[in-house]
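Chains as they are written, first to last, in this note's numbering: chain P, -10 to 105; chain A, 2 to 117.
Cβ atoms here follow ideal geometry from the backbone N, Cα and C, with glycine treated the same way.
Input: a single structure, listed below in structure tokens.
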């Protein structure tokens, strides 16, 4: 059984470039989350998918950020015109739909983005 | 904004000592879930426990135990006979009140260093 995977693990880019990250959740999990973690802080929620539907986006997610989950499987997070403030660890998590219950989220290893 | 407070930024203990990590949370929900995650140096968040606010019994899992006190909104985590492998950053997390996305709000974490 594989866990949540993310690709790439590290990305270094120049300011103004576009980057795209991929997340493959645990196969039977229909909930998928993106979080961002900066140094010394806990993860902060960015966006949430239930199957292929993006149901919530944080105010942290400016219009330079877009996320998709086509067919309710893997997800991509794209950042356009990157800024130095975008440098962070981007974490993906997935969980099983527990109805009204909060099932535990399983996290991937993250993609560390450095914007020069 | 709703907060999860982990007042201890960093704790250093000698191997075999017991250590307690504090977590105080805010919520307006009458029923809710609480979580602890571990983030070892490798970076991947590892799920440790999920508790339902209905159940106020303390929980023990091997060397780990959790003390939930609804009256003081605290959910503390104790490691008994700590080991070097316990060195990590530990995060407490709760869902936002009246939330429908199943996301989590994380504290800023407590870095635990267990010295040989």
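| Does DSSP put residue 31 of chain A in a helix, a strand or coil? | Residue state, collapsed to three classes: coil.
Exercise. Can you list, in chain order, the stretches of the beta strand (DSSP E) that have 3 or more residues and sit fully within the segment 24 to 84 of chain P?
Worked result: Listed in chain order, they are 33 to 39, 42 to 46, 54 to 57, 64 to 68 and 77 to 84.
>> Cutting at 8 angstroms between CB atoms, please list the residues of its own chain near residue 41 of chain P, excluding the five before and the five after it.
In response: The residues are 58, 59, 60 and 61.
Q) What is the C-beta distance between residue 116 of chain A and residue 15 of chain A, in whole angstroms, given that I count them as a contact (C-beta under 8 angstroms)? A) That pair is a contact at about 5 angstroms.
Can you tell which of P/101, P/97 and P/105 has its C-alpha closest to the C-alpha of residue 13 of chain P? Selected option, being the one with the closest Cα: P/97.
Please list, in chain order, the chain P residues whose beta carbon lies closer than 9 angstroms to that of residue 48 of chain A.
Residues of chain P passing the Cβ test: 93, 94, 95 and 96.
_residue 100 of chain P and residue -3 of chain P - do their beta-carbons sit closer together than 8 angstroms?_
Yes. Within cutoff.
If you pair each beta-carbon of the segment 78 to 96 of chain P with each one of the segment 70 to 87 of chain A, do three or more pairs fall below 8 angstroms? Counting Cβ pairs under 8 angstroms, fewer than three are found: no touch.
Q) Along chain A, which residues have their Cβ under 8 angstroms away from the Cβ of residue 20 of chain P? A) In chain order: 103.
Would you decide whether residue -7 of chain P is buried or exposed? Buried here means 16 or more other CB atoms lie within 10 Å of its CB. By the neighbour-count criterion, in which 16 or more other beta carbons inside 10 Å mark a residue as buried, residue -7 of chain P falls on the buried side.
Between which residues of its own chain and residue 71 of chain A is the CB-CB distance below 8 angstroms, once the five residues before and five after are set aside? 54 and 57, listed in sequence order.
(message) With the cut-off set at 8 angstroms, would you say residue 47 of chain A and residue 33 of chain A are in Cβ contact?
(response) Inclusion of residue 47 of chain A and residue 33 of chain A in the CB contact set at 8 angstroms is not warranted, their separation being larger than that value.
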